[in-house]
Amino acid sequence: MIESLKHLPRTSVADGGALDAQFTDLAPALTARQAAIEAARCLYCYDAPCTRICPTEIDVAGFIRNIHDGNLNGAAVGILQQNIMGGACARVCPTEILCEDVCVRNHDAEARPVKIGLLQRHALDHAHFDAYPFERAAATGKVIAVVGAGPAGLSCAHRLAMLGNDVVVFEARDKAGGLNEYGIARYKLPGDFAQREVDFLLAIGGIEVRHGRKLGENLTLAELHGQYDAVFLGLGLNASRQLGLTGEDAPGLLAAVDYIAALRQSDDLTALPVPRRAIVIGAGNTAIDMAVQIKRLGAEDVTLVYRRGVDAMSATHHEQDIAKANYVRMRTWAAPLEVLLDEHGAVRGMRFEETRLADGRLVGTGAFIEIAADAIFKAIGQSLEPIALADAMASELSCSGDKIHVDGSFRTALAGVYAGGDCVAPGQDLTVQAVQHGKLAAHAIHHDIHSKAGTAWPT
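The opening position of the sequence shown corresponds to residue -8 in my numbering, with each subsequent residue numbered one higher.
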């Protein structure tokens, strides 16, 4: 039960099987025949633009050629060498603005790129390894601490283990996986896919995960720095930003990520509280995920509200199309102004002020609208939890806003401490980018601790 919504009824869809069917894979998998035909469309470009734009530098043309030749294991290994979480990324990566956008088939005459994401998924879903495809290097005797078992932390841990190091991962939650386990729409990573990918990653050996350990609560950076050869911070962004409005703590108003986490962990979707009318505030992929999922759970009327125009939304056009296909109403140029409460102090709607641009600045127009709702979900961004950097040593990290500043090798201002993923600046808050951060940081850590060059980056 989600405490803020306990006053709401359960979903109106009584058939659990019908609900489960709403949360299968968003895009159907390719058949073997479809994969063969699609792989044959690839031109296997020299210096392929799809590879150059891939954040994890996957040899896209190479793995597609392997699929064309019937070598699915070879294709899978090629993907996993660069992106150990390639299965999740094949499903959640915004290929429409990355590899598929620059595909040479994506021109005016043809306008249909090779289905790179689905081909990557096909290779990884159908590969069968007789043994683990990666061997660990000779043991180095070094032990590295990784804080956070999300995509960045797990990627870093896996690559460090491959290089012969031992790794201890400290994770606050009961399950590893981070965003993939708790924060992605259920129809993008259905079932236990996220955990199966974690299990595969950990099968390399040399990685211990300790759950229930949270930096700033029962773990300090000073403790880790003193006990381990290096520390990698893959903290993610776990604190939801506030609207700053009176009534923000009222029943019926909560962070979208909290509901998404409960949805992903639910064994019985019919037990979830579902409002008849819902408002989602935000413009990113999380806002879209929230709006679509609450609609699929049985909400009758879902309105996504954003203070700027459609072109300024961070959610891709592909994600916006998903929302429209699921009958989510999108209301732009409206800024939250007041939470409307009923006689019991629970949410009954929200008042917005219409907005416009004046000399490049967003301003209110003085016109107002009210939207009725039984629940309001905030998807206005995440920030680093202040408690994570509360101890004396952690406070010495250089931060840009609420993100940790790192150099090109993901070294922080503290010698022996590295960081990557959503918690660092700059960053795009993409799973695929977090995986790359972890991988590159692992190589920097390995180099530094074995060359005794683990010094802070110059300021």
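Heads up, the beta-carbon is just placed ideally off N, CA and C, and yes, glycines get one too.
*Kindly indicate which residue of G144, C45 and D92 has the alpha-carbon position closest to the one of A432.*
Stepping through the sequence shown from its first residue, residue 432 is reached at position 441. The residue with the shortest Cα to Cα distance from A432 is G144.
*Taking DSSP as the reference, what is the three-state secondary structure of I175?*
Start at 1 with the first residue of the sequence shown, and residue 175 comes out as number 184. If DSSP states are grouped into helix, strand and coil, I175 belongs with coil.
*If you follow the alpha helix (DSSP H) that P40 is part of, which residue opens it and which one closes it?*
As a first step, residue 40 is located in the sequence shown; it is residue number 49 there, counting from the start. Residues P40 to I44.
*Report yes or no: do the stretch 291 to 311 and the stretch 269 to 280 share at least 3 C-beta pairs separated by less than 8 Å?*
Touching, yes, given that three or more Cβ pairs across the two stretches are closer than 8 Å.
*Local Cβ density within 10 Å of I395, reported as buried at 16 or more and exposed below that*: On the sequence shown, position 404 is the one that residue 395 refers to. Under this definition I395 is a buried residue.
*Between the C-alpha atoms of G289 and L71, what's the straight-line distance to the nearest angstrom?*
Stepping through the sequence shown from its first residue, residue 289 is reached at position 298. Stepping through the sequence shown from its first residue, residue 71 is reached at position 80. Rounded to the nearest angstrom, the gap between the Cα atoms of G289 and L71 is 38 Å.
_Please return the same chain residues whose Cβ sits closer than 8 Å to the Cβ of S358, not counting the five positions on each side in sequence._
For the purposes of this step, residue 358 is taken as residue 367 along the sequence shown, with counting starting at 1. It should be noted that the sequence gives Ala, not Ser, for residue 358. Here the set comprises E344 and E345.
*Give the straight-line distance between the Cα atoms of V159 and A26, rounded to the nearest whole angstrom.*
Here the question's residue 159 lines up with position 168 in the sequence shown. Here the question's residue 26 lines up with position 35 in the sequence shown. C-alpha separation (whole angstroms): 39 Å.
_Using only the alpha-carbon positions, how far apart do E458 and R112 sit?_
A question about residue 458 goes unanswered here, because the residues of the chain that appear run from -8 up to 450.
*Residues bridged to F368 by DSSP?*
Residue numbering aside, residue 368 sits at position 377 when the sequence shown is read from its first letter. Partner(s): L245 and V271.
*For the 8 Å Cβ check, are there 3 or more pairs between the stretch 408 to 426 and the stretch 131 to 151?*
yes
*In its own chain, which residues sit with a C-beta less than 8 Å from the C-beta of V134, not counting the 5 before and 5 after it?*
Mapped onto the sequence shown, residue 134 falls at position 143. Cβ within range, chain order: N156, D157, V158, V159, Y219 and D220.
*Would you identify the three-state DSSP class for H113, choosing helix, strand or coil?*
In the sequence shown, residue 113 corresponds to position 122, counting from 1. Note: H113 maps to helix in three-state DSSP.
*Along the alpha helix (DSSP H) that carries T294, what are the first and last residues, could you check?*
As a first step, residue 294 must be located in the sequence shown, where it is residue number 303. Element bounds for T294: not the alpha helix (DSSP H) but the beta strand (DSSP E), D292 to V296.
_Neighbourhood of A252 by C-beta, 8 Å cutoff - its chain only, sequence neighbours within 5 removed_ = If you number the sequence shown from 1, residue 252 lands on position 261. Once the five neighbours on either side are set aside, the close Cβ partners of A252 are Y173 and G174.
*Would you mind reading off the limits of the alpha helix (DSSP H) that contains A136?*
For the purposes of this step, residue 136 is taken as the residue at position 145 of the sequence shown. A136 -> not in any alpha helix (DSSP H); beta strand (DSSP E) instead, spanning V134 to V138.
_Best match in R56, L212, A349 and F125 for proximity to L405 [C-alpha to C-alpha]_ = Counting from 1 along the sequence shown, the entry for residue 405 is found at position 414. Comparing Cα positions, the closest option is L212.
*Leaving out five residues on either side along the sequence, give the residues of the same chain with a beta carbon under 7 Å from the beta carbon of R204.*
The residue labelled residue 204 in the question sits at position 213 within the sequence shown. Result list for R204: F161, E162, A163 and L210, in chain order.
_Taking 8 Å as the limit between beta carbons, can you name the residues of its chain near A100, skipping five residues before and five after?_
Translated into the one-based positions of the sequence shown, residue 100 becomes position 109. None.
*Proximal residues to C36 (C-beta, below 7 Å), its chain only, five neighbours per side dropped*: By 1-based counting over the sequence shown, the position of residue 36 is 45. Cβ within range, chain order: A52 and V95.
*asked:* Which same chain residues end up closer than 7 Å to D413 when comparing Cβ atoms and leaving out the 5 residues on each side of it in sequence?
replied: On the sequence shown, residue 413 is found 422 positions in, with the first residue counted as 1. Contacts found: G227, L228, D420 and A425.
*Among D16, I(-7) and A148, which residue has its Cα nearest to the Cα of K430?*
Stepping through the sequence shown from its first residue, residue 430 is reached at position 439. Nearest of D16, I(-7) and A148 to K430, Cα basis: A148.
*Roughly how many whole angstroms lie between the Cα atoms of D258 and L353?*
As a working note, residue 258 is residue 267 in the sequence shown. As a working note, residue 353 is residue 362 in the sequence shown. Cα to Cα, the separation comes out at about 43 Å.
*Which partner residues of M321 appear in the DSSP bridge assignment?*
Residue mapping note: residue 321 aligns to position 330 of the sequence shown, counting from 1. Bridge partners of M321: L295.
*Could you check which residue in A383, H434 and Q311 has the C-alpha nearest to that of S400?*
Locating residue 400 in the sequence shown gives position 409, where the first residue counts as 1. Comparing Cα positions, the closest option is H434.
*Cβ separation of E29 and V105, assumed to be a contact under 8 Å, to the nearest whole Å*: Here residue 29 corresponds to residue number 38 of the sequence shown, with the count starting at 1. Here residue 105 corresponds to residue number 114 of the sequence shown, with the count starting at 1. Right, their Cβ atoms sit about 6 Å apart.
*Using the C-alpha atoms, what's the distance from A325 back to L331?*
In the sequence shown, counting from the first residue as 1, residue 331 sits at position 340. In the sequence shown, counting from the first residue as 1, residue 325 sits at position 334. Computed Cα separation, rounded: 16 Å.
*Between which two residues does the alpha helix (DSSP H) harbouring D190 extend?*
For the purposes of this step, residue 190 is taken as residue 199 along the sequence shown, with counting starting at 1. Element bounds for D190: F184 to L193.
*Kindly indicate which residue of A66, A128 and L244 has the alpha-carbon position closest to the one of L109.*
Here residue 109 refers to the residue found at position 118 of the sequence shown. Nearest option by C-alpha distance: A66.
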